[in-house]
Amino acid sequence: MDMNQYLDVFVEESKEHLQNLNNSLLELEKEPNNITVLNEIFRVAHTLKGMAGTMGFSHMTNLTHNMENVLDALRSKRVEADMTVVDTLFKCLDALEGYVNEIISTGGEGEQEYEEIIQSLTDILEKSPAVKSQTQKKKKNKKADDKNIDQKDKDLRLNLNIYDKNVILKAIEESLNVFQIHVELDKKCLLKSARAFLIFQILDKYSEIMKSEPSVEDIEDERFDYSFTVMVVTKHDESLFQKELNSVAEVRNVEVVRITEKHAGNIQDEDNEQYLHDDEPDTADVDSAAQAQKSGIAKRLTNKTVRVDIDRLDVLMNLVSELIIIKTRLDDVGVGEKTNEYIAALENLERITTSLHDAVMKVRMVPVENVFNRFPRMVRDISKELKKDIVLHMSGEETELDRTVIDEIGEPLIHIIRNSADHGIEKTKDRIAKGKSKTGSIWLRAYQDGNNVVIEVEDDGMGIDIEKVRKKIVERGFEEEEIAANMTPNEVIEYLFKPNFSTADMVTDLSGRGVGLDVVQTKIEALGGTIELETEWGKGSKTIIRLPLTLAIIQALLVMVGPEKYAIPLSSIREINNISPSEIKNVRNQEVILLRDMVIPIIWLHDILDVPREKNTAKKELTCVIVKKGDKLSGLIVDSLIGQQEIVIKSLGKLLAGIRCIAGATILGDGNVALIIDVNAIV
Amino acid sequence: MGTERKQFVVFRLDNEEYGADINKVTIIERTMNITRVPMTPPYIKGVINLRGDVIPVMSLRLRLGLDEIDEDENTRIIIFNINGISFGAIVDSVSEVLQFDDSQIEGVGTIISDKALDYISGVAKAQDKLVTLINLEKLIAELIPA
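As you go down the protein sequences, you meet chains A and B in turn.
Everything in the first sequence is counted per the numbering used here, starting at 1 for the first residue and increasing by one.
Everything in the second sequence is counted per the numbering used here, starting at 1001 for the first residue and increasing by one.
Okay, structure coming up:
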């Protein structure tokens, strides 16, 4: 059968389950005795096992199977969920992720068997003293069982009804033998149903199978644990079945019990509930696992979702963009001869396109949880590795961002959080010496702020020593000593984002802060976002990332620079001022204006865009668009304003990629192209 | 029968005729508004709106080291697509589509000694004229980041 068509579904669902497993394991670490969490972990392992089995990934099935054994021991309190156990389970999770990744890239699970992990799983089971006594007890029980067989009135495993009773009595009448045969398969058995099938074939050969628990269908579908019980009518005797069945590989135990008239006589109309033996956790597991599976299905049903290929969403978004362009065009075309009816229709169209745009955008929105959920594990690992006590507090995981942003934001965040954990948070003994709480905290917050989503990473570690950075700025020859000495802390911090500023020796000098921050900044700015760093020496640092809600359609201000039209994203505009040329002062070769006691540097867009400035500079007024990048304000001089418009961002394509100061292009209502100013790059 | 026949869009620059592989031509457009893009090589004239797509346009005259002329009613923009990258090239006029088989095409030899040599993949001989075949990949090679 061609399994490829299921591969995507398998991968998608496995990822979900693994994520779930990750969360549950983290919870288990906190509360080792939480039975709900254990059940959830068991359910996930079980589901994964089933899925892997169906797809024929035998290594994966084997691993999950071994996990299940340990998890089962945990649930029945035979094993304590101590550090070793949780660590091993985390290793299992990594191994499973390894399998899934292998499956994604090659379509097969690979050859890796992770024998070490399986060994440690087995070790956990064997080392646990509880288990030993349990097995001993079991042995004793078995002896007792053997005796019981002789006594012949041993309780039967099978749940017999009136119909069975008649069959039994009739068989005995015809002097045939009726046996209850209980077969236990080896726990290492991989293809249970195939084994069971072999056993049924043998049974069929020598007898007639009257009843099976679990049912034959369930056994075929592997919906049983490692044992099953059948009732057979035969003319052969017990020893033959013992011999034949024990010769089948991977059969651990065969128990043949003769069913007598006395047994039949005990059958009442009401079902005998006692068939569930107390010392048989296996059977119980089947039930709970099945139940868990059922509830899983129920959950999925209540949550009606459809998986959609991201490409299709992109197509939809493009179409919406086209529609918005046409709408703008209609708006322009009708100038001069607009009837009321035309205006009303146009307004209606506008309302619909805006709602459509919102709706499509919402479809593309994904909660930041999808990125955040890998961090608890990461922080846990780092804190173990560095032997520091670190707790990660997360909030606002439900905040939504455009899918494309989500995909890109992970790497920078990993970088920042790792920095906080690695270099920000002090060693435990240093923290105690400083009178701080023993446990270091990292806060990861997300929230929406107008048209932006803000993500903050804050730690209560040692912060950054501004004076050291200041010294570094001079040492590295970025600035003269006296200039550096006069810089504000914020100006000093900005150097941490400069490429080449952070070098290897910074790691020791400045506890590594700043390493690769330029890379992080580049990434964030490529997404149209901004990044800021606040720090207090000895108290901690806070990194603030602001990201646009969407990348595709934004509000922009259209301006004229010379004869050309340009768009400036509204999100980076603070205000618009008319200034007179005389207000522009020169400070350190930089033109600035004074606005409400703030010194704001002036940038002529003409210079940046290679547009000749108007000769007639004796103009009485200049239009100055004040833009912000983080906390920093700058004034952009333009010739005139056209107005605010919703624009669709188009890429300039591969050939013109990487032009500094241009973030893209947009198509205006008249069909012409206008370039979008990249405020972050020019400020 | 055995020889492979290829079709070329033939266009004019100055007094010479050039040919471009028709498989790489998306469409031929009349001139339209071109938005200048700052900080690009001089031969890049800017970008146009081609039915909703923003596409860069170059002056083929400048690219091949010829002088620029004013556009007239014969001026055309040929839109090429090379390995998924779309761009336009401004030419003086587009004349026809010609079919050449391999025997009619000669490699670059002694005929041309220009600096434009780089952008030429061969010369095709028709009954009464010579058509210079353009190496389209070369035209944009330096714009594509490695």
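Using N, Cα and C, we set each Cβ at its ideal position, and we do this for glycine too.
Query: Report buried or exposed for A/Ile343, applying the criterion of at least 16 other Cβ atoms within 10 angstroms of its Cβ.; Result: exposed
Query: For B/Val1025 and B/Leu1066, what's the separation of their Cα atoms in angstroms?; Result: 22 angstroms
Query: Given that a residue counts as buried once 16 or more other Cβ atoms are within 10 Å of its Cβ, and exposed if not, what is A/Thr36?; Result: exposed
Query: Beta-carbon of A/Met506 versus every beta-carbon of chain B: anything under 8 angstroms?; Result: Low local confidence applies: a pLDDT of 44 at A/Met506 is under 50, so the model's placement there is unreliable, and no value is given.
Query: Grouping DSSP H, G and I as helix and E and B as strand, with all else coil, what is A/Gln201?; Result: helix
Query: What whole-angstrom Cβ distance do B/Ile1090 and B/Thr1075 have, given they're in contact under 8 angstroms?; Result: 7 angstroms
Query: Check whether the segment 34-50 of chain A and the segment 61-71 of chain A touch, using three or more Cβ-Cβ pairs below 8 angstroms as the test.; Result: yes
Query: Mind listing the chain B neighbours of A/Asn672? Cutoff is C-beta to C-beta under 8 angstroms, in chain order.; Result: Asn1033, Thr1035 and Asn1049
Query: Quick one, which of A/Ile382, A/Leu386, A/Asn373 and A/Val320 has its alpha-carbon nearest A/Ser355's?; Result: A/Val320
Query: Since A/Pro601 sits in a beta bridge, which residues does DSSP pair it with?; Result: A/Val592
Query: CB-CB under 8 angstroms to A/Glu102, same chain, minus the five flanking residues each way: which ones, in chain order?; Result: Gly108, Glu109, Gly110 and Gln112
Query: What first and last residue would you give for the beta strand (DSSP E) that runs through A/Ile626?; Result: Leu622 to Lys629
Query: Does DSSP classify A/Asp282 as helix, strand or coil?; Result: Bear in mind that a pLDDT of 44 at A/Asp282, under 50, signals an unreliable position, so the model cannot answer this.
Query: Give the residues of chain B in contact with A/Gly653, contact being defined as C-beta atoms less than 9 angstroms apart.; Result: Val1047, Asp1053, Val1054, Ile1055, Pro1056, Ile1085, Ser1086 and Phe1087
Query: Am I right that A/Ile642 and A/Leu558 are in contact with their C-beta atoms under 8 angstroms? What's the rounded C-beta distance?; Result: 4 angstroms
Query: May I have the straight-line CA-CA distance separating A/Val405 from B/Glu1137, to the nearest angstrom?; Result: 33 angstroms
Query: Compile a chain-ordered list of the residues in the segment 1057-1074 of chain B whose CB is closer than 7 angstroms to at least one CB of chain A.; Result: none
Query: I'd like to confirm something about A/Asp186: is its beta-carbon nearer than 7 angstroms to some heavy atom of the ligand NAP, or not?; Result: As presented, the structure is devoid of all ligands, the ligand NAP included, so that no description of it is given.
Query: What are the residues of the segment 540-567 of chain A that lie near chain B, defined by any Cβ-Cβ distance shorter than 9 angstroms?; Result: Glu564 and Lys565
Query: Name the DSSP beta bridge partners of B/Leu1066, please?; Result: B/Leu1066 is not bridged to any residue.
Query: Would you report the Cα separation of A/His606 and A/Glu591, rounded to the nearest angstrom?; Result: 14 angstroms
Query: Note down the Cα distance separating A/Leu63 from A/Asp164, rounded to an integer number of angstroms.; Result: 40 angstroms
Query: Indicate whether B/Val1047 and A/Leu668 have their beta-carbon atoms separated by less than 8 angstroms.; Result: no
Query: Given a limit of 7 angstroms on CB to CB distance, which residues of the segment 1132-1144 of chain B reach chain A?; Result: Ile1140, Leu1143 and Ile1144
Query: Note down the Cα distance separating A/Ile425 from A/Asp459, rounded to an integer number of angstroms.; Result: 7 angstroms
Query: Tell me which same chain residues have a C-beta within less than 7 angstroms of the C-beta of A/Asp678, skipping the five on either side of it?; Result: Cys661, Ile662 and Ala663
Query: Between the alpha carbons of A/Val453 and A/Ser441, how many angstroms are there, rounded?; Result: 23 angstroms
Query: Please go through the segment 191-253 of chain A and give each complete beta strand (DSSP E) segment of 3 or more residues, from N-terminal end onward.; Result: 207-213 and 227-234
Query: So, is the C-beta of A/Ala663 closer than 8 angstroms to a C-beta in chain B?; Result: no
Query: Run through DSSP, which three-state label would B/Arg1005 get?; Result: strand
Query: Cβ of A/Arg78 within 8 angstroms of Cβ of A/Leu38?; Result: no
Query: Which residues mark the beginning and the end of the alpha helix (DSSP H) in which B/Lys1045 is found?; Result: No alpha helix (DSSP H) contains B/Lys1045, which is instead part of the beta strand (DSSP E) from Ile1044 to Leu1050.
Query: Are the Cβ atoms of B/Arg1187 and B/Gln1099 separated by less than 8 angstroms?; Result: For residue 1187 of chain B there is no data in the structure shown, the boundaries of chain B being 1001 and 1146.
Query: If we count the other Cβ atoms within 10 Å of its Cβ and call it buried at 16 or more, is A/Glu532 buried or exposed?; Result: buried
Query: Short check: CB of A/Val248 to CB of A/Arg195, under 8 angstroms?; Result: yes
Query: Under the three-state reduction of DSSP, which class applies to A/Leu401: helix, strand or coil?; Result: strand
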